[in-house]
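Here is the structure we will look at, set down as C-alpha cells.
Residue numbers (the UniProt record's numbering): 1 to 618.
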C-alpha cells in the first residue's frame with residue numbers, strides 16, 4: 001500500500017511540475033483566488049435573492065411581491081405588419097383545430113405497438129418519439145412550419161447531423177472499408193457494447209478468400225484483424241445484410257424504447273448517447289463519405305429554411321483522407337480543408353445560393369485531463385491562425401454531471417485565453433451550462449462560471465430558470481440561451497415538451513433560440529429545426545407565430561457569422577436591423593422572407609373575415 005501511495009505522489013508531483021512548466025495557473029494563484037472569491041460572492045448574492053426577501057412569513061403575507069413578468073415576444077409582435085398579424089391568427093386557428101381533431105384518443109385503432117406504452121393518448125406536447133410520425137403525416141401546422149424561414153442554427157453537434165441510414169449505406173458501398181474490433185463480436189452483448197472501428201484497408205482479410213473461420217462474429221476472430229465490411233455484412237448472424245444494417249444503425253441512435261424509460265435516469269441514456277458518437281465517427285470521418293455527407297446535410301438544412309450554422313464537434317476523432325488507413329493524430333488541418341471546401345461548393349449550387357455559410361465552435365470533452373487538453377487547445381489556435389474564417393469559438397462538451405465542472409476548468413481556461421492573446425487571435429466562449437436537473441449542486445453551478453468567464457451564449461441553460469439573479473445577469477449581458485427542447489426530452493431532463501423550462505425563461509424576457517442539438521442520434525429522421533419549432537408552437541399557446549419569429553430573429557442576432565470583439569458583438573446585437581454589419585443585412589433578408597412566408601399562409605389557408613374579427617375581439 002505504501003508503495004502505491006508513493007507512486008501516486010510521484011504522479012501528482014509530475015503533473016504539477018508539468019503544469020508549472022506549461023504556465024497553467026494554479027488554484028492558489030492570486031488572480032485565480034480573486035476569481036473564486038468573486039464567484040462565491042455571486043452565489044451568496046443569489047441565495048439572498050432567492051430566499052432572503054420573504055424569509056419572514058408575516059412579512060411575506062403582508063407584502064405585495066413584485067414579479068418580473070414580461071409578455072414573451074411583445075417587441076416582435078409590435079412590429080407585425082397586417083399580413084404577418086393575419087398569418088399569426090390563421091396559424092393559431094389551425095393549431096386550435098388540430099388540438100380538437102387530431103391529437104385525440106380516437107386515433108387508438110391505428111397507432112403502433114410502441115404507442116401503447118403511452119396508453120393510446122395523443123396530445124401535441126407528447127413524447128417526441130411518439131408524436132413524430134403523426135405530426136409529419138397529418139399536421140397542417142407541420143406543413144406550415146416546414147416552410148418558415150428559421151434563420152440560423154446555433155447549437156448543433158455536427159457528427160450527429162448525418163442521416164444514419166444514409167451513412168450505413170455509404171459505408172457498405174465505399175470501396176476498401178473494413179470493420180475491426182479488439183474482440184470477437186460473438187454474441188448479443190459484445191455486438192451491443194463492444195468497441196469497433198471502420199477503416200480503409202488496401203488488402204483486408206476475407207475480401208477474396210471467403211474464409212469465414214476468421215469471421216468477426218465468431219470466437220475464431222483474431223483481435224483487430226480487418227474484415228471487409230461487405231463480407232461482414234453478408235455473414236452477419238441475424239438476417240445477413242439487412243440484419244447488419246439494423247445492428248449498425250442501432251449502435252448510432254437512441255431507440256424509441258430507450259427514450260421511453262425515463263426512470264433509468266440520465267446516466268444510462270448518456271452512456272448509450274456517447275457510444276453513438278464513437279460508432280458514427282468511424283463511418284463519417286473518412287474523407288469521401290464526409291464530403292458527400294456535407295452536401296446532403298447542408299441541402300437538408302437549406303430546405304428547412306436555415307441560412308447559417310454554428311457547428312460543434314468534439315475534436316477527439318481521427319480524420320482519414322481518401323485511400324489512407326490512418327489520419328494524422330491530433331491534426332485537423334485536412335478535416336478543415338474538406339469542411340471549408342464543401343461549404344463553398346454548396347454555396348455555388350442552386351439550393352445553396354441563399355446559404356450564408358457555416359463556422360465551427362471548437363469543443364473539447366470536459367472530462368479530458370490537462371495534459372491532453374493542452375495540445376488540443378494548441379491545435380485549435382493553430383487552425384484559427386491558418387483559417388480564421390472557420391473557427392468561431394470554443395466550448396467544453398459532454399455530460400455535465402460526469403465531467404469536470406467549469407469551476408475545475410477555470411485555470412486551464414485562463415491559460416487558453418492567455419495563449420490566444422499571445423497568438424493574436426480572438427476565440428470567444430460559447431459554453432454548455434445548466435444541462436442538468438440539479439439545483440445548487442456543482443453541475444448546476446456551471447451557470448455561474450459560464451457567465452463569469454464571459455460566454456456569449458449558453459448551450460441548453462435548462463436549469464437557469466431556478467436562478468433569478470443569473471437570469472437578470474444573462475439579460476443585462478445579452479447572453480442568448482441555445483434551447484434544445486427535443487434533446488432535453490430524450491436525454492431525460494424533461495418528460496415531454498410540456499414540462500420544459502423554456503416558457504419560464506421566455507416569461508422573464510430571456511433571449512432564446514431553438515436548436516436541434518443531435519437530430520440523427522435522437523431520432524428526428526431528417527435535418528432541420530422544424531421538429532423543435534412544431535413541438536414548441538403546439539405545446540405553448542402563449543408563444544404564437546410571433547414567438548417562433550422572435551427566436552428565429554434571435555438566432556441571427558447572436559450568430560457568430562464573423563469575428564467580433566466583445567464591444568462590437570454587443571453593439572450589433574443591440575442595433576439589430578439598424579446596424580451596418582453582416583448580421584443587420586441578414587436580419588433584413590430574413591424579415592423579407594418571413595413576410596413572404598406570412599403572405600403564403602394567408603393565401604393558402606384563408607380565414608373568413610368574421611373568423612379574423614372574432615379572434616380580434618377575444
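The beta-carbon is built from N, C-alpha and C at its ideal position, and this holds for glycine as well.
Taking C-beta to C-beta, are residue 563 and residue 388 nearer than 8 Å? yes
The stretch 549-562 touching the stretch 503-517, judged by at least three CB pairs closer than 8 Å: yes
Using CA coordinates, which residue listed in 286, 606, 98 and 222 is at the minimum distance from residue 137? 98
Just the C-alpha distance for residue 292 and residue 151, rounded to the nearest angstrom, thanks. 24 Å
Given residue 497 as reference, the closest of 521, 585, 536 and 420 once Cα atoms are compared: 536
Taking the alpha-carbon positions, what's the residue 501 to residue 601 distance? 30 Å
Is it buried or exposed, residue 117, if we count other Cβ atoms within 10 angstroms and call 16 or more buried? Low per-residue confidence applies at residue 117: pLDDT is 49, beneath 50, and the placement is therefore not dependable, though the value from the model is reported in the following sentence. Result: exposed.
Coil, strand or helix - residue 366 by DSSP: coil
Return helix, strand or coil for residue 320, following the three-state DSSP convention. strand
Out of curiosity, what's the CA-to-CA distance linking residue 484 and residue 459? 8 Å
Just how far apart, CA to CA, sit residue 15 and residue 415? 16 Å
What residues are listed by DSSP as bridge partners for residue 429? 394
Which stretch, first to last residue, makes up the beta strand (DSSP E) that contains residue 644? This structure gives no information on residue 644, because the portion of the chain shown stretches from 1 to 618.
Whose C-beta lies closer than 7 Å to the C-beta of residue 17 among residues of the same chain, with five residues either side of it excluded? none
Mark residue 238 as exposed unless 16 or more other C-beta atoms lie within 10 angstroms of its C-beta, in which case mark it buried. exposed
Neighbourhood of residue 321 by C-beta, 6 Å cutoff - its chain only, sequence neighbours within 5 removed: 287 and 334
Closest to residue 581 by C-alpha separation, out of 569, 590 and 592, would be which residue? 569
Alpha-carbon to alpha-carbon, residue 93 and residue 607: 9 Å
Applying the 10 Å Cβ sphere with the 16-neighbour rule, what's the burial state of residue 637? Examination of residue 637 is not possible in this model, given that the chain is present from 1 through 618 alone.
Is the CB-CB distance between residue 149 and residue 593 below 8 Å? yes
Say whether the stretch 389-407 touches the stretch 423-434, bearing in mind that this needs 3 or more beta-carbon pairs closer than 8 Å, one atom from each stretch. yes
Under the assumption that residue 436 contacts residue 400 (Cβ atoms under 8 Å), give the Cβ distance between them as a whole number of angstroms. 5 Å
Taking the alpha-carbon positions, what's the residue 443 to residue 426 distance? 28 Å
By the DSSP assignment, the alpha helix (DSSP H) with residue 459 in it spans what residues? Run containing residue 459: none in the alpha helix (DSSP H); it sits in the beta strand (DSSP E), 457-460.
Go through its chain and collect everything with a Cβ distance to residue 603's Cβ below 6 Å, but skip five positions before and after it. none
Around the Cβ of residue 271, are there at least 16 other Cβ atoms within 10 angstroms (buried) or fewer (exposed)? exposed
Touch check for the stretch 364-381 and the stretch 325-332: three-plus C-beta pairs under 8 Å? yes
Where does residue 20 land, buried or exposed, given buried means 16+ other C-beta within 10 angstroms? exposed
Kindly list the residues whose CB is nearer than 7 Å to the CB of residue 234, restricted to its own chain and excluding five residues on each side of it in sequence; keep chain order. 240 and 241
So what does residue 15 bridge to, in DSSP terms? Residue 15 is not bridged to any residue.
Would you check if the stretch 215-226 and the stretch 335-348 touch, i.e. whether three or more CB-CB distances between them fall below 8 Å? no
Locate the alpha helix (DSSP H) running through residue 591, then write down its first and last residues. 582-604
Is the beta carbon of residue 367 less than 8 Å from the beta carbon of residue 403? yes
Per the DSSP calculation, residue 360 is bridged to which residue(s)? 311 and 391
Considering only DSSP beta bridges, list what residue 178 is partnered with. 199 and 228
Check whether the Cβ atoms of residue 449 and residue 406 lie closer than 8 Å to each other. yes
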